[in-house]
Amino acid sequence: MAAIETDDLRKRYGDLRALKGVSLEVDEGEFFGLLGPNGAGKTTFINILVGLVRKSGGEARVFGYDVEDDYEEARDAIGLAPQEFNVDRFFPIEEVLVHKAGYHGVPKDVAKERAEEALRTVGIYDKRDTRFHWLSGGMKRRFMLARAMVTEPDLLILDEPTAGVDVQLRHDLWDIIKRMNEEGTTVLLTTHYIEEAERLCDRVAILDEGEVVEVSTPDELMGRGKDTVRVKLSKDIEEPPATLDGDYETRVEDGELVVETRNAGGTLAEVLRELDRAGHEVVDIEMSRTSLEEIFVDMTRSHEDVTRTQTTGDGQGDGA
Amino acid sequence: MSLTDGFGAGARFLPIGFRTLMRREILRYVRRPRNTFLPPLITNVLYFSVFGVILGERVGEIQGVSYILFLLPGLVVLGAISNSFENASFSIFHGRWNEYIQATTTSPISYTQMVLAYVVSSALRGVLIGVLIALVGAVFTPVTVEHPLYLIAFMAVITTLFAGFGVIGGLWARDFDYLTVMNQFILRPLVFFGGVFYSLEILPPLWTYVSLLNPMVYMVNGVRYGFLGAETVDVGPNSALVVLTVAAVVVVLIDIALFRRGYGLTE
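For the protein sequence lines, the chains are X and D, in the order given. Count along the first sequence from 1, then add 1; that gives the number in our numbering. Count along the second sequence from 1, then add 5; that gives the number in our numbering.
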């Protein structure tokens, strides 16, 4: 059964179409990333699942339960760590967790045990009698994760869980989330940190301007990138040697040969051989791989261009 | 067992989510006695001192009872409904303002249970304040309760009704000024002109008829009947109770419909 299933999910805010028909399926037990620039519709998508936003059209189900018709069952399965700090400031943090677990039907004594465990897991048990307001920024982030965990959800939704935290804390949070996923919890993660998606996610969807641009594994996405090999020769050259005519692109930058290829390993040997034959002496080689971030930027940019072209085209059509 | 721990043995049959939300709501005000209990205590000591004792001696008897005793049921109603309304509206609006209400609205508690938890906890606050005011009154004059069941019924219904209105107010408010406006410019004038401080009999006929359009008159009248056994307005406690009960049910149903629609809670 799919943990999340959306079909042609749409959301309008007046004239703004925040979601333009998103169809996605996240498998049970999967670690799924939702990537996209600001305003892409990621938070709207999440908020529809948890009931903070009402959809304008389409379908959304969590473990088979419609998020509006069967909202009690759907919400019972979800643990949410939202981007914004939205914590009850009247109560110490342990009590906030006890309440949250109680809302999900967990008896008070069990809820207290779970709250303690969640606070220990995220490393802020010593602060259990403190109110959220008095926690440091990093502790607040840890608490948000604890609150999402305390109901022992089948689906953990994390909206930018590591935004603004230091590297150490980010790694700590990754470890906790990863462990939960290994224990069977489905995770839906939105993030701006591409490295986060690359390290954690089984699959990612790239969302841009309310549309799914791509759904793929991080490895598949990486495969779409190119490797760049910069070859410094003993003497600067002005043009790539004519014998370099394989399945790769060449150019000269600052007197150095630059080769772009999908397979640097295979190409490099061929290029070096041809350069040797042409009498060039290789002084230095530098290889770099396109990062997922560059691929992501490239994909969202191309999607933007396509959308703009279509809009312009539509406009011209209307005018005619 | 504390007041908020278990709600008695019957509470075991209530859903845990509902009980937890209600416990949270009650703890919020019980743990802040300086905000919850002290202001009405001081205000009513002043009311009883100034209106009851100092002015009351000059006013003499109204409907066969001393003015201070005549005043008491009205002050109980004023305190009870103000607190029911304020508690529900503040709790919901503050939760919306700081977005922590989302921990509740994204939970599996049904909309009906959410509304009932807010309404019942707020109505309970109103009843507690009503009892506190009656106790303050008892310091100044012997208080009798002629019809305890009617008193309990009227108190339960009117605090529920105003807690229900408070939920609507909390969902409707866009900033804290809205809450002040609702309380100071709508609620208080209606209560003050609802026969808290005077008997409608002393008004000219036209203003008596106008006053009868004010629903507060019947609430004050009902509670006064419970305490004193006499009515200022001859409507009969049963009819007033039925009408107020229907009104309370309708308002709570509207609350549930608003929660279901996500009014003020989504987007």
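Glycine is no exception: its CB is placed at the ideal position from the N, C-alpha and C atoms. What you are looking at is a predicted structure, and each value in this text was computed from that prediction instead of being measured.
Through-space distance from residue j to residue i, alpha-carbon basis
{"i": "Gln84 (chain X)", "j": "Arg62 (chain X)", "result": "22 Å"}
{"i": "Leu386 (chain X)", "j": "Ala93 (chain D)", "result": "Residue 386 (chain X) cannot be examined here, being either before or after the span of chain X that is shown, 2 to 321."}
{"i": "Asn347 (chain X)", "j": "Gly30 (chain X)", "result": "In the structure as shown, chain X begins at 2 and stops at 321. Residue 347 (chain X) is therefore absent and cannot be evaluated."}
{"i": "Phe42 (chain D)", "j": "Val248 (chain D)", "result": "30 Å"}
{"i": "Ser54 (chain D)", "j": "Thr213 (chain D)", "result": "28 Å"}
{"i": "Thr218 (chain X)", "j": "Ile31 (chain D)", "result": "49 Å"}
{"i": "Leu156 (chain D)", "j": "Ile59 (chain D)", "result": "28 Å"}
{"i": "Ile207 (chain D)", "j": "Glu74 (chain X)", "result": "59 Å"}
{"i": "Trp135 (chain X)", "j": "Asp70 (chain X)", "result": "39 Å"}
{"i": "Ala243 (chain X)", "j": "Glu275 (chain X)", "result": "10 Å"}
{"i": "Val23 (chain X)", "j": "Leu50 (chain X)", "result": "13 Å"}
{"i": "Ala4 (chain X)", "j": "Thr163 (chain X)", "result": "23 Å"}
{"i": "Ala147 (chain X)", "j": "Leu159 (chain X)", "result": "11 Å"}
{"i": "Pro210 (chain D)", "j": "Gly241 (chain D)", "result": "20 Å"}
{"i": "Gly227 (chain D)", "j": "Gly174 (chain D)", "result": "25 Å"}
{"i": "Ala82 (chain X)", "j": "Ala178 (chain D)", "result": "27 Å"}
{"i": "Gly84 (chain D)", "j": "Val64 (chain D)", "result": "23 Å"}
{"i": "Arg28 (chain D)", "j": "Leu120 (chain X)", "result": "22 Å"}
{"i": "Pro241 (chain X)", "j": "Arg290 (chain X)", "result": "21 Å"}
{"i": "Gly256 (chain X)", "j": "Leu269 (chain X)", "result": "18 Å"}
{"i": "Gln118 (chain D)", "j": "Arg18 (chain X)", "result": "33 Å"}
{"i": "Phe133 (chain X)", "j": "Ile97 (chain D)", "result": "19 Å"}
{"i": "Ile73 (chain D)", "j": "Ala143 (chain D)", "result": "10 Å"}
{"i": "Val256 (chain D)", "j": "Leu166 (chain D)", "result": "7 Å"}
Chain D residues whose Cβ lies nearer than 8 Å to that of residue i
{"i": "Gly106 (chain X)", "result": "Pro20, Ile21, Gly22, Pro113"}
{"i": "Arg90 (chain X)", "result": "Asn103, Tyr105"}
{"i": "Arg76 (chain X)", "result": "Thr111, Ser112, Pro113"}
{"i": "Glu85 (chain X)", "result": "Glu104"}
Of the residues the options, the one placed nearest residue i, counting alpha carbons only
{"i": "Arg142 (chain X)", "options": "X:Ser57, X:Ile94, X:Val111, X:Glu239", "result": "X:Ile94"}
{"i": "Lys199 (chain X)", "options": "X:Val23, X:Asp28, X:Leu35", "result": "Checking the displayed sequence, the identity of residue 199 (chain X) turns out to be Glu instead of Lys. Nearest of X:Val23, X:Asp28, X:Leu35 to Glu199 (chain X), Cα basis: X:Leu35."}
{"i": "Asp285 (chain X)", "options": "X:Arg252, X:Thr262, X:Leu258, X:Val232", "result": "X:Val232"}
{"i": "Gly266 (chain X)", "options": "X:Leu234, X:Asp248, X:Arg278", "result": "X:Asp248"}
{"i": "Asn88 (chain D)", "options": "D:Ser126, D:Leu233, D:Gly22, D:Tyr183", "result": "D:Ser126"}
{"i": "Val124 (chain D)", "options": "D:Pro210, D:Leu19, D:Phe170", "result": "D:Phe170"}
{"i": "Arg13 (chain X)", "options": "X:Arg290, X:Glu212, X:Asp220", "result": "X:Glu212"}
{"i": "Gly57 (chain D)", "options": "D:Val255, D:Ala245, D:Tyr203", "result": "D:Tyr203"}
{"i": "Ile322 (chain X)", "options": "X:Glu210, X:Met223, X:Phe144", "result": "Since the displayed chain X opens at 2 and closes at 321, residue 322 (chain X) lies outside it and no answer follows."}
{"i": "Leu246 (chain D)", "options": "D:Pro38, D:Thr149, D:Tyr223", "result": "D:Tyr223"}
{"i": "Gly267 (chain D)", "options": "D:Val172, D:Val150, D:Ala252, D:Ile21", "result": "D:Val172"}
{"i": "Glu282 (chain X)", "options": "X:Asp237, X:Thr291, X:Met140", "result": "X:Asp237"}
{"i": "Gly52 (chain X)", "options": "X:Thr229, X:Phe32, X:Gly40, X:Arg76", "result": "X:Arg76"}
{"i": "Phe145 (chain D)", "options": "D:Asn219, D:Pro220, D:Glu62", "result": "D:Glu62"}
{"i": "Phe90 (chain D)", "options": "D:Val35, D:Thr185, D:Arg39, D:Leu76", "result": "D:Thr185"}
Contact list for residue i against chain X, beta-carbon separation under 8 Å
{"i": "Gly267 (chain D)", "result": "Gly52, Arg55"}
Neighbour list for residue i in chain X, Cβ cutoff strictly below 7 Å
{"i": "Leu26 (chain D)", "result": "Tyr104"}
Contacts that residue i makes with chain D (C-beta to C-beta distance below 7 Å)
{"i": "Leu81 (chain X)", "result": "Thr111"}
{"i": "Lys101 (chain X)", "result": "Ala108"}
{"i": "Glu73 (chain X)", "result": "Pro113, Ser115"}
Under 9 Å by beta carbon: chain X residues contacting residue i
{"i": "Thr271 (chain D)", "result": "Asn48, Gly52, Leu53, Val54, Arg55"}
Any non-hydrogen atom of the ligand PLP within 7 Å of residue i CB
{"i": "Tyr155 (chain D)", "result": "As presented, the structure is devoid of all ligands, the ligand PLP included, so that no description of it is given."}
8 Å Cβ cutoff, residue i in contact with chain A
{"i": "Arg252 (chain X)", "result": "As a matter of chain content, chain A is missing from the structure shown, whose protein chains are X and D."}
Legend entry - Segment contact flag, the stretch 166-175 of chain X with the stretch 183-192 of chain X, C-beta cutoff 8 Å, min 3 pairs: As far as the Cβ criterion goes, the stretch 166-175 of chain X does not touch the stretch 183-192 of chain X, which means the pair count is below three.
Legend entry - Contact between the stretch 197-210 of chain D and the stretch 95-111 of chain D (3+ Cβ pairs under 8 Å): In this structure the stretch 197-210 of chain D does not touch the stretch 95-111 of chain D; the number of beta carbon pairs closer than 8 Å is below three.
Legend entry - Contact between the stretch 120-130 of chain X and the stretch 38-58 of chain X (3+ Cβ pairs under 8 Å): By the Cβ rule, the stretch 120-130 of chain X does not count as touching the stretch 38-58 of chain X, because fewer than three pairs are nearer than 8 Å.
Inset, instruction - Could you tell me whether the stretch 192-211 of chain X touches the stretch 63-72 of chain X, where touching means 3 or more Cβ pairs closer than 8 Å? - result: Because the criterion of three Cβ pairs below 8 Å is not met, the stretch 192-211 of chain X and the stretch 63-72 of chain X do not touch.
Inset, instruction - Specify whether the stretch 46-63 of chain D and the stretch 76-86 of chain D touch according to this definition: at least 3 beta carbon pairs, one from each stretch, less than 8 Å apart. - result: A contact exists between the stretch 46-63 of chain D and the stretch 76-86 of chain D.
Inset, instruction - Could you list the residues in the stretch 27-55 of chain D with a C-beta less than 9 Å from some C-beta on chain X, going in chain order? - result: Flagged, chain order: Arg28, Arg29, Leu32, Arg33, Arg36, Arg37.
Legend entry - the stretch 69-77 of chain D / the stretch 153-167 of chain D touching (three or more Cβ pairs under 8 Å): Contact between the stretch 69-77 of chain D and the stretch 153-167 of chain D is absent: fewer than 3 CB-CB pairs across the two stretches fall below 8 Å.
Inset, instruction - Please determine if the stretch 126-144 of chain D and the stretch 94-107 of chain X are in contact, where contact requires at least 3 C-beta pairs separated by less than 8 Å. - result: Result no; under three Cβ-Cβ pairs closer than 8 Å.
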